[in-house]
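Taking it in order: structure first as structure tokens, then the write-up.
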Amino acid sequence: MTDVSNPLISNTLKAAFLEQLKTASARHSDIEYLSLSTSDGYVLCNTIPQDSNIDASRLAAMSASFCGISHGLTEQAEKQPFEGSLIETGNGLLVCRQIQHGRHEVVLLGVFSPSTTHGVALWALNNVARETLAILTHYN
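Here the sequence shown stands for residues 62 to 201, where the numbers follow the numbering used here.
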């Protein structure tokens, strides 16, 4: 992502996204952390704890890839439009959504605690996605 005309690399936009993710994490206690990346896998911002061993760059790349694969799968299964994907783990849920406005796309990943139900995770991430779209629309 070297195109300097791309508003997704704006520090102002990244700061707005980060503030929104922090607010959402504080509002929804089931969210362990959130990650927002470009659709080509570059980190925009996240709420991953500082003391974590999680590689934010790899997580962003994998989130974007997962969304891309999921999008292709929905096309092959003739179940468009793609809305999001969910991964169940023994330690919680990962929910991924692609958010698009105009020519700009971002990928939102929400990581949820083990006690979180599917419905709560989807509801919470849909709220965060809606807020993210509002910011993207405002800055685009």
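Where is the CB? At the ideal position from N, CA and C, for every residue including glycine.
Every value quoted in this text rests on a predicted model; they were computed, and no experiment measured them.
In the displayed model, residue 141 falls within coil according to three-state DSSP, outside both helix and strand.
A direct Cα-to-Cα measurement between residue 183 and residue 112 gives close to 27 Å. If you draw a straight line from the Cα of residue 194 to the Cα of residue 82, it is about 12 Å long. Rounded to whole angstroms, residue 90 and residue 186 show a C-alpha spacing of 12 Å. Under the DSSP assignment, residue 158 falls in the beta strand (DSSP E) whose first and last residues are 153–162. By alpha-carbon distance to residue 160, the top candidate from 152, 178, 134, 125 is 125. Residue 115 counts as exposed, since fewer than 16 other beta carbons sit within 10 angstroms of its beta carbon. The alpha-carbon separation between residue 120 and residue 168 amounts to approximately 11 Å. When 188, 103, 94 are compared, the shortest CA-CA separation from residue 171 is found for 94. Taken in chain order, the whole beta strand (DSSP E) runs of length 3 or more contained in the stretch 159–196 are 165–173.
Taking C-beta atoms under 8 Å as the contact rule, residue 173 and residue 153 qualify, at a distance of about 5 Å. Between the alpha carbons of residue 162 and residue 191 lies a distance of about 11 Å.
For residue 150, the enclosing beta strand (DSSP E) begins and ends at 146–150.
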